[in-house]
Every structure is written in C-alpha cells, then in structure tokens.
Ligand code: PMP
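Numbering (the UniProt record's numbering), first residue to last: 2 to 400.
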C-alpha cells in the first residue's frame, strides 16, 4: 500500500486514536497474537447488540429472523473467502477448538503426521502414541523431503501442518503436500491461523480436506473461529459437544443429529462475533487479499533488512525459504521479556516475547525465548524501523 492508502487504512482502526501511556503514537506489531479491529467490525457488533439481539435458528419473531440471517450470511461470506460451499463452514470458538474437534474425530483412526514447528494447539491435541512429527532442517523449516517416504512406510490417516509458522514465518507449500498426501490416500488439515490474515486462501486450489483459522487474528472480535471441512468428511465426523442446537429431534430413547455444519455448533454461539467476522472478511476482501499479501511480503523483507542494519547482533529464528509471516529473533544475553516490556513502557511499542506457544520449535533449533515482530495491514516500514531502532537502543542500555 502507498502512504496515502496506509493513512486511510490506519484511520479505519480506532485503537490508533486513543492515548497511549507514554503519549507517543501506538506502534502495534503483535498481530500474530491478535489484530486490532476496523470500525466496520465494531459497527457490525454494535448493530447486533442493539438491533438484532435474539437467539438464532429458533425464535420465529422478527428479531430472531434478523439474528439468524446475520449469522448465516456470515457463513456465506466465509465460503467466498475460502472458495468453498457454505455447508463446509463450521463456526467454532477459535483455531484451538477447531483443531481439538478434528483431533477428537480422528482419535480412533490411523496415525497423524505433523511437525516439530507447530503451535501448541496443533501439538498437544495429537496423542503421542498416534503421532509422527516431521523434523526441522538446519534452517528451522519443516523437512518435507521425508514426506513421501513416511507416507509409504507408515499408516498415516491425516497430516496436520501450519501453513505459516507463527515463529519463523516460514510458509509450507501446502498444494504440494496435498498432492503427495492424496496419492497415498491421506487427508490434510491446514492450520491457517497465520496465513488467513495475510493471503487469499482458496481451499480448492490448495486441495486440503480441512482448514482452520481464528477470526480475531484478522480483525473480528474474539470468540469465533472457522473450521472448513469437505462436506462428506464433516458428515462422517462425530461431534463431541452435545446439547441444544446439535439435534433435529430428541425422543425418550434416541435423538437425530442435525446435518453438518450445524451439529458441530452446540449451544448458543458468539452471534455478535460471527457478525464481526463477516465484516472483517468483507473489509479484507475489499482491500484485496493479493494486495494485503504483497504488503505483508514487502514489510517482512524490510524488517529483515532493518534488523541487519540497526540490530546486527540479533539472531533470527529460522531462515524461511518462503517467508510470509512474523519474524522472531533474540539478542544474546538480553531477556526478550525485558526488551518487550521496555519498548512498551518507554515508547508504546507492542511486540511479543517468549516461546509464542511453540516451545518444541524453539527447543528443536536450540533457540532461547525470543522477540516476535508481526505486522498487518496498518503497519508501515516506518513502524518497523522505529521498533527495531528502539529495541536496539534499549538493549544497549540493559546489556
Ligand atoms: N496455530 C497457530 C499457527 C497460531 O499462530 C495460533 C495463535 N497464535 C493458534 C494455532 C491458536 O489460535 P487461537 O489461540 O486463536 O485458538
């Protein structure tokens, strides 16, 4: 985006208008954790809370109609966003819940193939005895050279991989993984928590069987995430949360479950968050996801160059062959928490420190806890340069 466009984008996010504790302008570079919300999302949520408050799929009054229409039209928007059928979109709480749902459904089937680079949510859900994890190469990337061999040797049922690492920003060639997997009759689940906010995702082109992401990382309120699943697979899948909204009818001796996707959406869902997700996706599609992706790639490159220039002692985690996400690094001898706290307290710069819920990845590449810079649509090259210069200045003070 050019300067003028960035200004316009930034003006859509009211978080930038509120005073910060230091009085300096907010620099928000913690987008991989969660993103700020555009006005359109705030308005959509307010509208539900003021004009469309009712439960969905049950009340036959006009407010019930509005709420149901609002909820189901969000499903249509997600189906455009992913290029899938509406019946293949399940609304859940977040990526973590979506991964747990699929893991639970596959618990009694064959083995799961995943990697050492996964977020804890795509790590802990798979039982150790059932799981094989691809190792990482010397660049901290998932070593896909073993894929065909492992699929030939082992009885794998499902591959579950992050599209883009939430630590190194490395992007996996999911299309190729799906082609190899399908040759072996294996299904593929894509953890798109870090790719959905940054690039256009077409599940038909990717060829995946499942894909999951969280709304809050792309501008919606918290409390809503998406599971895409091929319809036939969803229909065959067991649902684990039982109760209201999951059944067509209940008799004294049995019950008839609803079809997918509704039987997976137990109880009253986060209706206003789903409306917010609808708005967030519409906002992003209007910005144009290909342009969002170009912006992301340009900022990523700029961040790498700025790090070399202003903080040459920093050590980057991983060397992504295909870079499309956050970047993480550490300054030897300086606590990342101290740095993150310091740039927040002194300059109102928000970045994340720690293991980013990916401790096995840090351990595998022998890296200590790190600092993570993650940018999104409203960030500029200037934001990144300022943040890195401030981190450099602060690490000189404390080291
Ligand atoms: N997978 C990846 C790759 C992530 O980055 C995250 C969030 N950091 C998650 C899963 C979990 O997302 P949530 O906390 O929204 O469930």
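We put the CB at the ideal spot given by N, CA and C, even for glycine.
### Task
Just confirm the distance between the C-beta atoms of residue 202 and residue 194, as a whole number of angstroms; I'd bet it's less than 8 Å.
In the chain shown, residue 202 corresponds to position 201, counting from 1. In the chain shown, residue 194 corresponds to position 193, counting from 1. The pair is not a contact, with the Cβ atoms about 12 Å apart (cut-off 8 Å).
### Query
Taking one C-beta from the segment 335-353 and one from the segment 23-33 each time, how about it: are there three or more such pairs within less than 8 Å?
Touching, per the Cβ criterion.
### Task
With DSSP collapsed to three states, give me the class of residue 94.
Translated into the one-based positions of the chain shown, residue 94 becomes position 93. In the structure shown, residue 94 falls within a coil segment according to DSSP collapsed to helix, strand and coil.
### Task
Could you check how far apart the C-beta atoms of residue 373 and residue 178 are, in whole angstroms? I think they sit under 8 Å.
Counted from its first residue, the chain shown places residue 373 at position 372. Counted from its first residue, the chain shown places residue 178 at position 177. Rounded, the Cβ-Cβ distance is 25 Å, inconsistent with contact.
### Query
Could you give the distance in angstroms between the alpha-carbon of residue 60 and the alpha-carbon of residue 66?
Along the chain shown, read from residue 1 onward, the residue named residue 60 stands at position 59. Along the chain shown, read from residue 1 onward, the residue named residue 66 stands at position 65. Residue 60 and residue 66 have their C-alpha atoms roughly 7 Å apart.
### Task
Report the rounded CA-to-CA distance for residue 314 versus residue 117, giving the unit in angstroms.
Here residue 314 is taken as the residue at index 313 of the chain shown, counted from 1. Here residue 117 is taken as the residue at index 116 of the chain shown, counted from 1. Spanning the alpha carbons of residue 314 and residue 117 requires a straight line of approximately 26 Å.
### Minimum C-alpha distance to residue 307 - residue among 120, 328, 295, 292
Within the chain shown, numbered from 1, the residue matching residue 307 stands at position 306. Closest option to residue 307, Cα to Cα, is 328.
### Message
Under 7 Å, Cβ to Cβ, is there at least one residue of chain B near residue 366?
### Response
Going by chain labels, chain B is absent from the structure shown, which holds only one protein chain.
### Query
Is residue 192 near the ligand PMP, with its Cβ less than 6 Å from a heavy atom?
Numbered from its first residue, the chain shown carries residue 192 at position 191. Yes.
### Message
Quick check on DSSP: helix, strand or coil for residue 163?
### Response
Against the chain shown, residue 163 aligns to sequence position 162. In the three-state reduction of the DSSP assignment, residue 163 falls in the strand class, which pools E and B.
### Query
Helix or strand or just coil, what does DSSP make of residue 7?
Numbered from 1 along the chain shown, position 6 holds the residue referred to as residue 7. Helix, per DSSP.
### Task
Identify whether residue 134 lies in helix, strand or coil by the three-state DSSP scheme.
Against the chain shown, residue 134 aligns to sequence position 133. In the structure shown, the three-state DSSP call for residue 134 is strand.
### Message
Just to confirm my understanding: we take residue 288, look at its own chain, exclude 5 residues before and 5 after, and list those with CB closer than 8 Å. What are they?
### Response
The residue you call residue 288 lines up with position 287 of the chain shown. The answer, listed in chain order, is 10, 378.
### Message
Once the 5 residues before and after residue 64 are set aside, which same chain residues still bring their CB inside 6 Å of it?
### Response
By 1-based counting over the chain shown, the position of residue 64 is 63. Around residue 64, the same chain offers 55 as residues with beta carbons nearer than 6 Å, after the five sequence neighbours per side are excluded.
### Heavy atom of the ligand PMP within 6 Å of residue 96 beta-carbon
Counting from 1 along the chain shown, the entry for residue 96 is found at position 95. Yes, Cβ of residue 96 sits closer than 6 Å to a heavy atom of the ligand PMP.
#### Entry: Three-state secondary structure assigned by DSSP to residue 247
Position 246 of the chain shown, counted from the first residue, corresponds to residue 247. Residue 247 falls in the coil class under three-state DSSP.
### Query
So does residue 120 have its beta carbon nearer than 6 Å to some heavy atom of the ligand PMP?
Start at 1 with the first residue of the chain shown, and residue 120 comes out as number 119. Answer for residue 120: yes, Cβ within range of the ligand PMP.
#### Entry: Cut-off 6 Å between Cβ atoms - residues of its own chain near residue 467, not counting five sequence neighbours on either side
For residue 467 there is no data in the structure shown, the boundaries of the chain being 2 and 400.
### Task
Tell me, please, which residues DSSP counts as bridged to residue 101.
Reading the chain shown from its first residue, position 100 is the one you call residue 101. BP columns for residue 101 are empty, so no partner.
### Task
Starting from residue 112, follow the beta strand (DSSP E) in both directions and report where the run begins and ends.
For this step, residue 112 is matched to residue 111 along the chain shown. Annotation: the continuous beta strand (DSSP E) that includes residue 112 extends over 112-116.
### Rounded separation between residue 47 and residue 226 - CA only
In the chain shown, residue 47 corresponds to position 46, counting from 1. In the chain shown, residue 226 corresponds to position 225, counting from 1. Distance between the alpha carbons of residue 47 and residue 226 is about 20 Å.
### Task
Decide if residue 78 is buried, meaning its Cβ has at least 16 other Cβ atoms within 10 Å, or exposed.
Translated into the one-based positions of the chain shown, residue 78 becomes position 77. So residue 78 counts as buried.
### Query
With DSSP run on the structure shown, which of helix, strand or coil describes residue 306?
Within the chain shown, the letter at position 305 stands for residue 306. Helix at residue 306.
### Query
In angstroms, rounded to a whole number, what distance separates the CA positions of residue 176 and residue 140?
The residue you call residue 176 lines up with position 175 of the chain shown. The residue you call residue 140 lines up with position 139 of the chain shown. Taking the straight line from one Cα to the other gives about 21 Å.
### Task
Consult DSSP for residue 336 and reduce its assignment to one of helix, strand or coil.
Here the question's residue 336 lines up with position 335 in the chain shown. In this structure, residue 336 counts as coil in the three-state DSSP scheme.
### Task
For residue 320, collect the residues of the same chain with a Cβ closer than 6 Å to its Cβ; drop the 5 residues on either side in sequence, then sort them by chain order.
Walking along the chain shown from the start, residue 320 turns up at place 319. Excluding positions up to five away in sequence, the list reads 140.
### Residues near residue 119 by beta carbon distance below 6 Å, same chain, minus five either side
The residue labelled residue 119 in the question sits at position 118 within the chain shown. Counting only residues of its own chain and dropping the five nearest sequence neighbours on each side, residue 119 has a CB closer than 6 Å to the CB of 163.
#### Entry: the ligand PMP heavy atom lying under 6 Å from the CB of residue 32
Along the chain shown, one-based indexing puts residue 32 at 31. The nearest non-hydrogen atom of the ligand PMP is 6 Å or more from the C-beta of residue 32.
### Query
With a Cβ-Cβ cutoff of 7 Å, do residue 244 and residue 267 count as a contact?
As a first step, residue 244 must be located in the chain shown, where it is residue number 243. As a first step, residue 267 must be located in the chain shown, where it is residue number 266. Yes. Within cutoff.
### Task
Could you pull out every residue in the same chain whose Cβ sits closer than 6 Å to the Cβ of residue 365, ignoring the five residues on either side in sequence?
Stepping through the chain shown from its first residue, residue 365 is reached at position 364. Contacts found: 117, 137.
### Query
Between the beta-carbon of residue 205 and the beta-carbon of residue 367, is there less than 7 Å?
Along the chain shown, read from residue 1 onward, the residue named residue 205 stands at position 204. Along the chain shown, read from residue 1 onward, the residue named residue 367 stands at position 366. For residue 205 and residue 367, no; Cβs fall outside 7 Å.
### Task
Since I believe residue 221 is in contact with residue 278 (beta carbons under 8 Å), could you give me their beta-carbon distance rounded to a whole number of angstroms?
Here residue 278 corresponds to residue number 277 of the chain shown, with the count starting at 1. Here residue 221 corresponds to residue number 220 of the chain shown, with the count starting at 1. Rounded to the nearest angstrom, the Cβ distance from residue 278 to residue 221 is 4 Å, consistent with a contact under 8 Å.
### Task
Report all residues from its chain with a CB closer than 7 Å to the CB of residue 90; omit the five preceding and five following residues, and keep chain order.
Here residue 90 is taken as the residue at index 89 of the chain shown, counted from 1. Same-chain partners within the cutoff: 76, 79, 80, 227, 229, 262.
### Query
Which whole runs of the beta strand (DSSP E) in the segment 192-237 are 3 residues long or more, in chain order?
Listed in chain order, the beta strand (DSSP E) elements of length 3 or more contained wholly in the segment 192-237 are 211-215, 226-230.
### Task
Please determine, among 353, 160, 130, the residue with the shortest C-alpha to C-alpha distance to residue 143.
Residue numbering aside, residue 143 sits at position 142 when the chain shown is read from its first letter. If we check each option's Cα against that of residue 143, 160 comes out closest.
### Message
Taking 6 Å as the limit between beta carbons, can you name the residues of its chain near residue 354, skipping five residues before and five after?
### Response
Within the chain shown, the letter at position 353 stands for residue 354. Short of 6 Å from the beta carbon of residue 354, and not among the five residues preceding or following it, lie these beta carbons of its own chain, in chain order: 337, 338, 341, 372.
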